[in-house]
C-alpha cells in the first residue's frame, strides 16, 4: 500500500448568489470533487498468470504492446485531467477506480504530465480476482489524509459465478479537510452467465459491505460515508435497494438508509455504459445522510454528474453513441473505457 500525506490548501471556488426581495447575498464555498471511473482493463504488458492476463501482452490475442499501454495511459490521464475542473481546477480530491492490474499501472498513470502536478497517491491491495484486476482509491493529499485502510473479502455463494473469487472491497478511512470520512471502493461480480444467475454474487457483495458499514457506524457514529464503484447493477436493483439499503427518494429516507442520487438519472434513461442499445448506470457514488444538510459547517452534497465529453463518445459504427472503449473485440480502438466516469460535487461554506 502506498500513501502520501499533505496539508489541505484552501481553494475558494463556488460563488452562489442568494436572492431575496431586495438584494443579493454572496456566499463563498470550498469544493471537493468525488469521482469513480472504471479504467477498463488497465493491465501492464507482462504475463502474471491470471485468467485474462495473457491476452493483454504483446504476443497475446489483443497485441497489447508498450505503445498500446502508453496510449491507454495517455487517454485515461486526459480524462482525469478534466473531471470536475469546471468547478475545481484541481479535479478529483478522491477518485475510486476499478480494473487496474497492479501498482505499476497506477504509478505510470499518476506520473503522466497531464496530472503529475496534482501529486496524487493511492491505496491499493491485491485481491484474488480470477481476472487479476483490483480496485483502488486515488487521492489528492492536499485534500485527503489517509488514516487507516483494509481490504474486505467477499465470499461468493456457490454457483453464482464460474470463478471462486471476486474483487475485494476497499475500505479507506481518512480526513477530508479535517472531516472524518469512510470510503468504500467496489467492483461487484459481473452479470456474466446471466443477470439472474449472477445476482446472488452481487447481493453477497452488498450484504458484506452493509454488515461492515453497520459495524463501523457503531464505532465511528459521526463519520461520513461514501460508497462508490462499478456495482454491475442499476440503482433500482435488489443488491442496492435491499442488500445495501440505498434509496433515491430524499423525502422517504429512513434513518439507517443510504442516499443514492443516481435513481432519477437511471429512471430518465441516462447511463454510464451501454449494452445492446440499452443503457445501464452501474457506476454509482452513494452517500450517508450526514452529507445532506446544507447548513452544516462541513462538506455537504451539492450535485452529481456523469462525465461524458464528446471525445469520449464513439462517433460511428454499431457502437455509435456508446462510451469509446479501448478495444473492439481484439482490435485496438484508440478509446478510453467502456464506462463513463461519475462524480459528486461537495461544497463547504467559507466562514
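Numbering (my numbering), first residue to last: 1 to 351.
Beta carbons are placed, not taken as given, at the ideal position from N, Cα and C, and that holds for glycine.
Values in this document were obtained by computation on a predicted structure and should not be read as measured data.
Which residues in the same chain have their Cβ closer than 7 angstroms to the Cβ of residue 91, if we skip the five residues on either side of it in sequence?
-> 33, 80, 81, 83, 84, 85, 118
Whole angstroms is fine: what's the gap from residue 46's alpha carbon to residue 270's?
-> 37 angstroms
Would DSSP call residue 39 helix, strand or coil?
-> strand
Contacting residues, own chain, Cβ-Cβ under 6 angstroms from residue 54 (five flanking each side not counted) = 47, 60
In terms of alpha-carbon separation, which member of 276, 42, 87 lies closest to residue 77?
-> 42
Taking the alpha helix (DSSP H) that residue 210 falls in, what are its first and last residues?
-> 195 to 219
Would the beta-carbon of residue 265 fall within 7 angstroms of that of residue 281?
-> yes
Using DSSP bridges, identify the partner residues of residue 432.
-> The first residue shown for the chain is 1 and the last is 351, placing residue 432 beyond what the model contains.
Out of 100, 191, 300, 228, state which residue places its alpha-carbon closest to the alpha-carbon of residue 350.
-> 300
Residue 66 - DSSP class collapsed to helix/strand/coil = helix
Tell me, please, which residues DSSP counts as bridged to residue 150.
-> 171
How would you write the range of the beta strand (DSSP E) that residue 227 sits in, first residue to last?
-> 224 to 230
How many Å lie between residue 354 and residue 110 at the Cα?
-> Limits of the chain in this structure are 1 at one end and 351 at the other, which puts residue 354 out of reach.
May I ask you to report which of helix, strand or coil DSSP gives residue 103?
-> helix
For the alpha helix (DSSP H) that residue 265 lies in, which residues bound it at each end?
-> 263 to 267
Would you kindly work out how many angstroms separate the C-alpha atoms of residue 105 and residue 334, rounded to a whole number?
-> 18 angstroms
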